[in-house]
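Asker:
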Amino acid sequence: MDSRHLSLMDFMNKGEQNIVDLADRFNEFEQDMFARRHVNYRRVSLTGSAPVMRVIDPYDGFEREMIYFASNDYLNLTRHPRTIEAGRKALEKYGTGAGSVPLLGGTLDIHIELEQKVAKFKGCEAALIFSSGFGSNAGAIAALLGEEGIPICDTLVHASILDGCIGKTVKFFRHNDMESLEKTLKRLEDRKVTKLVMVDGVYSMDGDIAKLDEICEIAHRYGALVYVDEAHSTGVIGDTGRGTPEYYHLEGKVDIVAGTCSKALGVVGGFIASSQKIIQYLYYYARSYMFSTAPTPQAVASISEALDVILEEPQLREKLWQNIRYFKKGLEDLHVDLGDAETAIFPIIISDDYKVKEMCRELHENNIYVNPVVYPAVPKRLARLRFSLMQGHEKEHLDKALNIMEYLLKKYEVKQK
Ligand SMILES: Cc1ncc(COP(=O)(O)O)c(C=O)c1O
Numbered sequence: 252m253d254s255r256h257l258s259l260m261d262f263m264n265k266g267e268q269n270i271v272d273l274a275d276r277f278n279e280f281e282q283d284m285f286a287r288r289h290v291n292y293r294r295v296s297l298t299g300s301a302p303v304m305r306v307i308d309p310y311d312g313f314e315r316e317m318i319y320f321a322s323n324d325y326l327n328l329t330r331h332p333r334t335i336e337a338g339r340k341a342l343e344k345y346g347t348g349a350g351s352v353p354l355l356g357g358t359l360d361i362h363i364e365l366e367q368k369v370a371k372f373k374g375c376e377a378a379l380i381f382s383s384g385f386g387s388n389a390g391a392i393a394a395l396l397g398e399e400g401i402p403i404c405d406t407l408v409h410a411s412i413l414d415g416c417i418g419k420t421v422k423f424f425r426h427n428d429m430e431s432l433e434k435t436l437k438r439l440e441d442r443k444v445t446k447l448v449m450v451d452g453v454y455s456m457d458g459d460i461a462k463l464d465e466i467c468e469i470a471h472r473y474g475a476l477v478y479v480d481e482a483h484s485t486g487v488i489g490d491t492g493r494g495t496p497e498y499y500h501l502e503g504k505v506d507i508v509a510g511t512c513s514k515a516l517g518v519v520g521g522f523i524a525s526s527q528k529i530i531q532y533l534y535y536y537a538r539s540y541m542f543s544t545a546p547t548p549q550a551v552a553s554i555s556e557a558l559d560v561i562l563e564e565p566q567l568r569e570k571l572w573q574n575i576r577y578f579k580k581g582l583e584d585l586h587v588d589l590g591d592a593e594t595a596i597f598p599i600i601i602s603d604d605y606k607v608k609e610m611c612r613e614l615h616e617n618n619i620y621v622n623p624v625v626y627p628a629v630p631k632r633l634a635r636l637r638f639s640l641m642q643g644h645e646k647e648h649l650d651k652a653l654n655i656m657e658y659l660l661k662k663y664e665v666k667q668k
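Counting in our numbering, the sequence shown runs from 252 upward without gaps.
#1: Can you name, in chain order, every residue of its own chain whose Cβ lies under 8 angstroms from the Cβ of G356, other than the five neighbours on each side?
#2: Tell me, to the nearest whole angstrom, how far the beta carbon of A389 is from that of I523; I am working on the premise that it is less than 8 angstroms.
#3: Can you give me the Cβ contacts of A552 inside the same chain, cut-off strictly under 7 angstroms, excluding the 5 residues immediately before and after it?
#4: Using the three-state DSSP reduction, which class does T347 fall into: helix, strand or coil?
#5: Of the choices S322, A461 and E613, whose alpha-carbon is the least far from that of E593?
#6: Taking 7 angstroms as the line, does the beta carbon of D414 fall inside it for any heavy atom of ligand 2?
#7: Assuming contact is defined by CB atoms lying nearer than 8 angstroms, are L659 and E613 in contact in what I supplied?
#8: Could you pull the start and end residues of the alpha helix (DSSP H) that L571 belongs to?
#9: With which residues is R538 paired in a DSSP beta bridge?
#10: Label R214 either buried or exposed according to how many other C-beta atoms from any shown protein chain fall within 10 Å of its C-beta, with 16 as the threshold for buried.
#11: Rounded to a whole number of angstroms, what is the C-alpha to C-alpha distance between R568 and F597?
#12: Give the secondary structure of F597 by DSSP, where H, G and I count as helix, E and B as strand, and everything else as coil.
#13: For Q527, which residues in the same chain have their Cβ closer than 7 angstroms to its Cβ, ignoring the five residues on either side in sequence?
#14: Could you give the DSSP three-state label for G521: helix, strand or coil?
#15: Hey, S254 and D275 are a contact pair by Cβ (cut 8 angstroms); roughly how many whole angstroms apart?
#16: Alpha carbon to alpha carbon, how far is P496 from G489?
#17: Going by beta-carbon coordinates alone, are T511 and G384 separated by less than 8 angstroms?
#18: From the DSSP output, in three-state form, read off T511 for me.
#19: According to DSSP, simplified to helix, strand and coil, what is A370?
#20: Does the beta carbon of F597 fall short of 7 angstroms from some heavy atom of ligand 1?
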């Protein structure tokens, strides 16, 4: 099988074929990808998230030291002495697991403390913590929409938001396009059910920021609620790193603020912050909360410490922003079109799936760990390399990536600005 003209889309399970046969065909596809050194997924790290990691090369089995540009650990809090120590203490005090789902015995005092801290951090009355960010979106959104609610989504929202809308017809508006949002809401004006406008604060594949101030104004004017996913904004934007509502001075005005604890917070888990009554409702109706064991004590304590570190050590965020400015200038000097990217995520649009895979292979061979983003994750014409930065990257790391990118952009004749 020649993988060059195929994509994951060609092996999607549409139910027409037996899954065993489909998996066989998919295996042939992956083998051809592997032979071309295009399987740059699930690479195995021996050291964990850090600006430089030791990684097993899947093609020869040897160890490589790679500069890591694929992490969401923006502030390197996965390895901060305070988050590690807090987690270690909780592990010793409470053991390895919470033992049960939150409603039926799994709630510890540190879960309650963390919920209160998250609520305060996000400027909301209350919050609840889930075992994963994906689960918090999927579970909370399904509960908020109920049977008749109408999901209204930016076209680029995260997959976990769309999973919360399964079984419903999603009304999409064009990405960050306020005219399109208003038109969508106008068409729904007569519907008196829950209308939930959902956006990411910072978009995970594009690095741009939602126009949350205008979104709130328009949505509220049409009687809709606003739901913002703060996965890539928490710890990164806003004067004190509190995310998109702080960036726009909208604290307390966004109806539902969701987020993950897995990115700048450096742990795992998700949260929803909102009014006391909405949160109380979700305790009983968000299925991924109600039917899933509460987050581990170690995770809870490390997340809680990470929130303190963000507020008490602003130099980490300042260093991240120094890196963002430096890398952005470097790419702009190479005439790379970064679209509206303005955070730690840098989409380098190549517009050709095969070129992206070949460039990614060469980056890998040069010890630059970066992710290819191809169809169907993005439309073919928007296939890209996605770099994300951490505060711990040093100038030499960024320079090395920029030098290789300069060479590759020429070699692969990527059209530039
Ligand atoms: C925008 C966005 N929301 C939600 C999630 C899910 O979060 P988690 O990985 O913590 O489950 C992600 C994760 O990749 C994300 O990028």
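Virtual Cβ for every residue (Gly too), placed ideally from N, Cα, C.
Answerer: In this structure, then:
#1: Result list for G356: G350, in chain order.
#2: For A389 against I523, the beta-carbon gap comes to about 11 angstroms, at or over 8 angstroms, which does not count as contact.
#3: Cβ within range, chain order: A337, G338, K340, A341 and I361.
#4: In this structure, T347 counts as coil in the three-state DSSP scheme.
#5: Per the Cα distances, A461.
#6: Here the bound small molecules are ligand 1; ligand 2 is not part of this structure.
#7: One thing to note: L659 has its Cβ within 8 angstroms of the Cβ of E613.
#8: If you look at L571, you'll find it in the alpha helix (DSSP H) that goes P565 to D584.
#9: Its beta-bridge partners do not exist; DSSP assigns none.
#10: Missing from the structure shown is residue 214; the chain here goes from 252 to 668 and no further.
#11: Taking the Cα positions, R568 is about 17 angstroms away from F597.
#12: In the displayed model, F597 falls within a strand according to three-state DSSP.
#13: Correct list, in chain order: E376 and A377.
#14: Here G521 carries a strand assignment [DSSP, helix/strand/coil].
#15: With a Cβ gap of about 15 angstroms, S254 and D275 do not count as contacting.
#16: Rounded to whole angstroms, the separation of the alpha carbons of G489 and P496 is 8 angstroms.
#17: Going by C-beta atoms, T511 is nearer than 8 angstroms to G384.
#18: Note: T511 maps to strand in three-state DSSP.
#19: Note: A370 maps to helix in three-state DSSP.
#20: No, Cβ of F597 sits at least 7 angstroms from all heavy atoms of ligand 1.
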